[in-house]
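Scroll down for the structure; my scribbles are underneath it.
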Amino acid sequence: MTETTTETRPAPELDEATLRGGFTWQRLFGSWRTAGIAIPFAILFIILSISSGPFLHTTNLINILDQQASTLCIAAAGTLVLITGGIDLSVGATYGLSTVVAGQIAAHHSPVLAIFAGIGVGVAVGLVNGLIRTIFKINPLITTLAMSFVIGGLALKVSAGNLIVLSPTGGFFKFANAQFLTVPSAVWITVVVITVLGLLLSRTTFGRYMVASGGNEEAARLAGVRVNLVRVIAFTLSGAAAGLGGVIDISRLLSAQAASGGNTLSFTVLAGIVVGGTSIAGGEGSVWRTGLGVLFIALIGNGIDLLGIDPLYQNIVLGAILLVAVGLDSWARSRRR
Amino acid sequence: MSSSTIENGPQRTADTPGGDLVVAGVSKRFGGVPALTDISLTIEPGKVHALIGENGAGKSTLGKIISGVLQPDEGHMTLAGEPLVLRSPREGLAHGIVTIAQELAIVPGLTVAENVYLGSQIATAGFVRRRDMRRQFRELAHHVGFDLSPDVRAGNLSTADMQKVEIMRALSRNAAVVVMDEPSAALSGRESAALHEIIRSLAQRGSAVVLISHFLSEVLSLSHTITTLRDGRLVRTVDAAGATEESLIEGMLGRSLSSVFPEKVVVSSNAPTVLEVEHLSAPGVHDCSFVLRRGEILGIAGLVGAGRSELARAIFRDAKVTSGSVRLSGRDLGGHSPHRSINSGLAFIPESRKAMGLMMSRSIKENVSLSRLGSVSRLGWIAPLRERRTVSKLMERTTVKASGMGQTVSMLSGGNQQKLLFARTIMCSPAVLIADEPTRGVDVGSKRAIYDLLAEMAQEGQGVIVISSELEEVLGLAHRVIVMRHGRIITELSGDDMNEQAVLAAAFAETSSH
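Here the protein sequences come in this chain order: W and F.
Offset between the first sequence (1-based) and the numbering used here: plus 63.
Take the second sequence: its position 37, counting from 1, is numbered 24 in the numbering used here, and each next residue is one higher.
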């Protein structure tokens, strides 16, 4: 179909520079956003390596990754929600619900069922979020905030307010703790999630549709993008990731209660995404940069621990960094108009 | 082209006493596109001065400059002999210049009286003195003959009553100059009559009224002086007593159409029908029927708000269709979404490329390939080289000038941005293209390129619908023109009947009947 119209004129000479894309402002800005997280991350990493002996130990680094596994997964999917022009504040509560559901099932039934149930809970929540957002056109911030209360209540109901403790002998324990090349499976799962979601965003038609939906909803719709469908899928992925995060952590820690996760997790995830340079206004962002953003925040916490600085400063520093990240984003957007 | 016959020169001001508002040599550009060029006129107190012209002639822009919403790029203004520099509508208000705009500026949550005295509250130490405010309101309402309760929430009022609130706000400030932009557009016949009375009384009380209106009969019956604008230039300023509807329409008419437009290719009389619209009704569209043949360019003309864009969006299934049918190449166009319409072979270029067309912060490549990503990908996986080849060809074909296909769209000129929408459309190879205001805010060179693209697409066998507020564009491009008014198709013109006079007469027809 396309060929018939584009071939009506002699095909223009395609110089490779045009096809590969030469220097453009887009590239400069793209790399600028990358530099905005990559350079501070590298600097922080070097400072910690020099100033703290234990920091560079493999055990410490793997430990950081292991601890951040669930946050990284959730933030990777949350990036997609932000790019489509939404926001998901219910991930913390979803994570909590997933831990208690998976925990209850793992205690009495098969580990595989527990894993699927935990993720399934997340999928269901994400789907509901997406449908409420698109069908009733309720602001996603309010939708997911309200949902987080509902889910939090459900989680309390499921756990009957109790702490769920599992034994480290079952197969369920292996889900996140099996070692492969001296790295726990939780980290491997995270690597897979980030890779898959990163490629989904940058290399597929669906990734383009997500960016278009967030970049200009009306234009995307009129260009034939099913914006509502795209948004529901993004929310569902976010919910699924929150469910997965919950399963990873209960398998890792073997204890769960309804209140684990909560709004703190939602905000940590959001902070990681924004520090990674994803635009809060949608239409701009990257999954692997979110990974750097989450780890950057984790390094600050780790560094403060290792250097024996008063942990009180951690939140102050985090808040300041967040403001800088959002400020730079809005500055970049205003420059482009 | 710029041969303006100014019969009421601005120099007259020197000897008239009091508050003449003089506009001298004012020009205004929007992103390089001239909206007003060298406008000079004098607005006298106690008189109604009408500004008329086609859509986009610059009437509203001039009104906004007078009230301080916009600042002129060149030229200056004086009020009662004093230089008048307005950096904001607030500064305009300080000089007694009040606007009653097309879009009403009412705070829905406040009461009627609070709205009237908004910004000039009667207050002691920050506390509003409600009783005084109500008393003053009643006096004012009695004076102008409005029957409005001061305590009703403004948000509950009808449009006409909201307008009354705005007018009272203007009056409460003893406005020296009142700018009214299409004040009767939202009103019923009876309400219009009431408004006309108010306009007259405003003038009698010594205010200068600037009346911007599409309705020629209204203009003729109310105003003392009439200024006609065309393409941002002042055609002439005349005494209303000597003017007729015919003379005004003649003044609004344009220049010669030759050479600007590609030559029209005759559509063979047995060319098959590609689009049949039957009794289509949707919000803002009533019972519209027409057909479009292969290779034909159909123009849709009408005033702003006549339902042209609404019709386009109804055909494209972007609006809820209440009744009627659309058949594309003989098949019923089902579905309820642009997604389906595009897949069925219908393409649409919306009127606002920034709001509805492009993702401004994304690259040329992403913007062009968006509608047909499937054709450059396999199983959802984009083939980068194939995509670049396709986009590169399309950029060549639509003569987009850019540093590369990775360039951010917001960095491009309006003309190049518009061409990207055409590139996207050509990639869809539709059976029918609907282009809504395809050259709005586009420089002259790009205009010609876009006209050529439209003509080429028709020659290649597509059916093309062009909606435009620029009459000469419609007439210069289209084989056939339909004229809309109030959501209905009023008339269909072709051949020798297709001229500006006939189109304007149809578009304005209602004014003559009232």
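Even glycine gets a Cβ: it sits at the ideal position worked out from N, Cα and C.
Being a predicted model, the structure only gives us computed values, none of them experimental.
So, using beta-carbon positions, are residue i and residue j closer together than 9 Å?
i	j	result
residue 180/W	residue 154/W	no
residue 357/W	residue 146/W	no
residue 164/F	residue 66/F	yes
residue 189/W	residue 341/W	no
residue 311/F	residue 268/F	yes
residue 287/F	residue 468/F	yes
residue 29/F	residue 13/F	no
residue 214/F	residue 239/F	no
residue 185/F	residue 236/F	no
residue 86/F	residue 95/F	no
residue 334/F	residue 419/F	yes
residue 189/F	residue 156/F	no
residue 306/F	residue 314/F	no
residue 465/F	residue 478/F	no
residue 414/F	residue 379/F	no
residue 344/W	residue 148/W	yes
residue 192/W	residue 114/W	no
On the CB-based measure, 16 or more other CB atoms within 10 Å of its CB, does residue i come out buried or exposed?
i	result
residue 326/F	buried
residue 122/W	exposed
residue 243/F	Its pLDDT being 41, under 50, residue 243/F is placed unreliably by the model, and nothing is read from it.
residue 226/W	exposed
residue 198/W	exposed
residue 318/F	exposed
residue 255/F	exposed
residue 70/F	exposed
residue 80/W	Summary for residue 80/W: the model assigns pLDDT 44, below 50, so the residue's position carries little reliability, and this model does not support an answer.
residue 208/F	exposed
residue 374/W	exposed
residue 151/F	buried
residue 145/F	exposed
residue 476/F	buried
residue 481/F	exposed
residue 86/W	In this predicted model, residue 86/W has a pLDDT of only 48, less than 50, meaning its place in the structure is not dependable enough to derive any value.
residue 245/F	Residue confidence is low: residue 245/F scores 43 on pLDDT, short of 50, so the model does not pin down where it sits. Its coordinate-derived value is still stated next. With fewer than 16 other Cβ atoms within 10 Å, it is exposed.
residue 231/W	exposed
residue 488/F	exposed
residue 102/W	exposed
residue 89/W	A caution first: residue 89/W carries a pLDDT of 45, below 50, which makes its placement in the model unreliable, though a value can still be read off. Counting Cβ neighbours within 10 Å, residue 89/W comes out buried, since at least 16 surround it.
residue 376/W	exposed
Residue i and residue j look like a contact to me (Cβ under 8 Å); what is the Cβ gap, rounded to whole Å?
i	j	result
residue 490/F	residue 470/F	6 Å
residue 104/W	residue 112/W	The Cβ separation is near 12 Å, so there is no contact.
residue 334/W	residue 185/W	In fact, because the Cβ distance is near 21 Å, the residues do not count as touching under 8 Å.
residue 233/W	residue 169/W	7 Å
residue 50/F	residue 166/F	5 Å
residue 313/W	residue 166/W	5 Å
residue 317/W	residue 217/W	Contact doesn't hold; Cβ gap of about 22 Å is too wide.
residue 80/F	residue 160/F	7 Å
residue 214/W	residue 160/W	5 Å
residue 448/F	residue 294/F	Their Cβ separation, rounded to whole angstroms, is 29 Å, which puts residue 448/F and residue 294/F out of contact at 8 Å.
residue 99/W	residue 391/W	6 Å
residue 250/F	residue 270/F	Actually they do not touch by this definition, with Cβ atoms about 38 Å apart.
Please list the partners that residue i has in chain A, where partner means a Cβ-to-Cβ separation under 9 Å.
i	result
residue 337/F	The structure shown has no chain A; the protein chains it does contain are W and F.
Please confirm if the region 219 to 234 of chain F is in contact with the region 189 to 207 of chain F, defined as three or more CB-CB distances below 8 Å between the two stretches.
yes
Entirely enclosed beta strand (DSSP E) segments - the region 196 to 237 of chain W, minimum 3 residues:
none
Would you be able to state if there are at least three C-beta pairs under 8 Å between the region 362 to 379 of chain F and the region 256 to 271 of chain W?
yes
Any chance you could list the alpha helix (DSSP H) runs of at least 4 consecutive residues sitting entirely within the region 311 to 365 of chain F, in chain order?
325 to 331, 351 to 356
Complete beta strand (DSSP E) runs within the region 256 to 317 of chain F (minimum length 3 residues, chain order)
260 to 269, 272 to 280, 284 to 289, 310 to 315
For the region 321 to 330 of chain W against the region 230 to 249 of chain W, do three or more pairs of beta-carbon atoms, one drawn from each stretch, fall closer than 8 Å, so that the two count as touching?
no
Contact between the region 350 to 365 of chain F and the region 385 to 403 of chain F: three or more CB pairs below 8 Å?
yes
Counting pairs of Cβ atoms below 8 Å between the region 251 to 262 of chain F and the region 425 to 441 of chain F, do you hit three or more?
no
Quick check: the region 453 to 462 of chain F against the region 275 to 289 of chain F, are there 3 or more CB pairs under 8 Å?
yes
Write down every uninterrupted run of the alpha helix (DSSP H) in the region 258 to 332 of chain W whose length is 4 residues or greater and which is fully enclosed by it, in chain order.
268 to 278, 280 to 285, 290 to 316
Three or more C-beta pairs below 8 Å linking the region 31 to 47 of chain F and the region 190 to 198 of chain F:
yes
Three or more C-beta pairs below 8 Å linking the region 342 to 353 of chain W and the region 256 to 265 of chain W
yes
Which runs of the beta strand (DSSP E) fall wholly inside the region 144 to 191 of chain F and span at least 3 residues, in chain order?
164 to 168
Could you tell me which whole beta strand (DSSP E) segments of length 3 or greater appear in the region 444 to 471 of chain F?
450 to 454
Which residue spans inside the region 327 to 376 of chain W form an unbroken alpha helix (DSSP H) run of at least 4?
350 to 369
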